[in-house]
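Each protein sequence line maps, in turn, to chains A and B. With our numbering, the residue at position 28 of the first sequence is 23, and numbering never jumps. With our numbering, the residue at position 326 of the second sequence is 328, and numbering never jumps. Glycine is no exception: its CB is placed at the ideal position from the N, C-alpha and C atoms. These numbers come from a predicted model, not from an experiment.
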Amino acid sequence: MARIWVTIGTPTMPAILNPLTAACDRGYVPDEVLVLSNPGVAESVADATDRFEVIVDAYGNDAAIATHDLENETAFRKIIEFYRSTIEAAREADDTIAVDVTPGRKFMSAIAFQAGFKFDADHVFYFYRKSGGYYGQFFAEIPRTATELIDFKEVL
Amino acid sequence: MHLERSRLVVLLNALYDHGVDSIPVKHPCGAIGELVRIDLEDDGRATIRCTQGTMTYQDNRETIPAKYGEPAYNDLPDAETYTRAMVASGHVALDNRDEVHEFVRRHGYADLEAGHDPVVLGLDANIVAWRLPDVLGIDAETGETDDRGRRPINGYALATGVKEELDWHYKQYNTAELTAAFGDEFARLDDQPAGANREGLLALYEYRRLRANRTVDILDCETGDEAIVAAYEAFNRNSRKQAVVLSNDYGFVDRSVDVGVPAQHVDFPVDVPRTAAGSWTQAAELLYYLAVLFGVVRLPKVTLYGVWNGKDGRHWQHERIDIDCCSPKIAPQLERDLTILGVTE
């Protein structure tokens, strides 16, 4: 039974790395990381991919990282289809799947959030910086009490 | 294990994760003992309790020569330095903070687009160590802009005479006496700068940091107030920039004003309050200053070495301290976090 992490590409590195790091810190260390990418963020997704490996490795696991490329970022049906097929495949394989709704465009997060509930992912995570500070900083160097990893499957 | 000044929150996180949210910071010598206590609070806030305060620290330090001899006494920073570390970490304000801000408002915020001369800040040797432009929010890059988008200052004018005054390469050769007085930790301080010389190195590397990372004019001059002030006067006469100067020495300020170089005295407080509110980031800054100034400080589960045998110029340049983890759980977490941060740069 694998643990899967699904996230969204964005040019802001802390936005894409911090939720995964916080999840690892809480004990959710994934076996697979899947990133939804599009031409506008492809470069930063490539940078993030190497760093995902280092983070998961630092938490004692060895993750397979894959990207799913969209032809353009507003291909709404394809985004929805990506989440539907990914979550359903995980459920069939009895895997655990977490959807990260933190990074990226608002519509990306909104679709991810809705899809996480509609197709029944195990977790829908959001990395919350409690105060205005610490922008651009990484999980390990932000005071522990200034961040929170929220699982909306527990909240709603 | 080495940790950079800017990454010390990683250590606070590790302590917090292992149940330490109230951190006594102690000098290894029982006669000095707890210097401050850091309480880690919600939303990245922290409160500092000044366990001794300036006066008690001074009294405690005065008991050291009779008990342990002069080398031990000389290795401890004086009470003024202890207080200045509290100012430098942003926990305690300068006594005349408003006056300094008024000085900067009057002379700074040059309107470069309107053809005004850039304003550059000079620092006297006695304040370089304490990063006051950052603490006061008037640094050329990090300082807050006014409503027209202008910075308080446009760079720095640093005198070579000031740098030379900071060049105190005095080493510690009394480690046997220090170890007997303060504890085994001090064996690691052999051949390292002792006492007030650690403050000198702190200042020297702050001078170099500014020179490397800011727009800086270097003013060539000899040491001493007379030569340094003359260099600022000549700079203002011959360059298209206006240098203004901060100092903790009234003589330096008077001499500057007499020759037409705008200068402002900074008043450090004579004592520290019992408690001060701040952030984890400020608490981390205070840890850095205390570790360097005292050489060694003990925290729960870890001992911090501001200097250690083998600390070299690169360690000073990167503002590294050495951490000895007494708890086996802290070291792996620090290593893990530093590995992750290493790939985020």
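ARG79 of chain A has a beta carbon lying at 7 Å or more from every beta carbon in chain B. Listed in chain order, the non-local C-beta contacts of VAL259 of chain B below 6 Å within the same chain comprise ALA265, local neighbours out to five positions each way being set aside. For the set B:GLY344, B:ARG7, B:TYR291, the Cα lying nearest the Cα of ALA90 of chain B is the one of B:TYR291. Secondary structure of ILE11 of chain A (DSSP, three-state): helix.
Close to chain A, meaning a Cβ-Cβ distance shorter than 9 Å, are the following residues of the segment 32 to 57 of chain B: LEU42, GLU43, ASP44, ASP45, GLY46, ARG47, ALA48.
Close CB contacts of ASN13 of chain A within its chain, under the 7 Å cut and outside five residues either way in sequence, are with PHE122, PHE133, PHE134 (chain order). Fewer than three beta-carbon pairs drawn from the segment 71 to 84 of chain B and the segment 302 to 320 of chain B are found closer than 8 Å, and the two stretches are therefore not classed as touching. Residue pairing by DSSP puts ARG124 of chain A in a beta bridge opposite A:THR142. A direct Cα-to-Cα measurement between GLY151 of chain B and THR144 of chain B gives close to 13 Å. For TRP282 of chain B, the enclosing alpha helix (DSSP H) has its first and last residue at 282 to 296. Chain-ordered listing is empty here: chain A has no CB closer than 8 Å to the CB of TYR70 of chain B, the nearest sitting near 38 Å.
The alpha-carbon separation between ASP141 of chain B and HIS118 of chain A amounts to approximately 45 Å.
Assignment of GLN132 of chain A by DSSP, reduced to helix, strand and coil, places it in the coil class. Secondary structure note for ALA90 of chain B: its alpha helix (DSSP H) is the uninterrupted segment 81 to 90. When the alpha-carbon of ARG257 of chain B is set against those of B:TYR234, B:ARG276, B:ASN240, the nearest one is in B:TYR234. When the beta-carbon positions are compared, TYR59 of chain B and PRO67 of chain B stay at least 7 Å from each other. Taking a beta-carbon distance threshold of 7 Å, PHE133 of chain A counts as an interface residue toward chain B. Contacts with chain A at 7 Å (Cβ-Cβ) do not include ASN215 of chain B. The DSSP assignment places complete beta strand (DSSP E) segments of no fewer than 3 residues inside the segment 62 to 102 of chain A at 91 to 95, in order along the chain. With contact defined as three or more Cβ pairs closer than 8 Å, the segment 129 to 141 of chain B and the segment 177 to 190 of chain B are not in contact. If the five residues before and after ASP146 of chain A are omitted, its C-beta is found closer than 7 Å to the C-beta atoms of HIS118, VAL119, PHE120, all from its own chain and listed in chain order.
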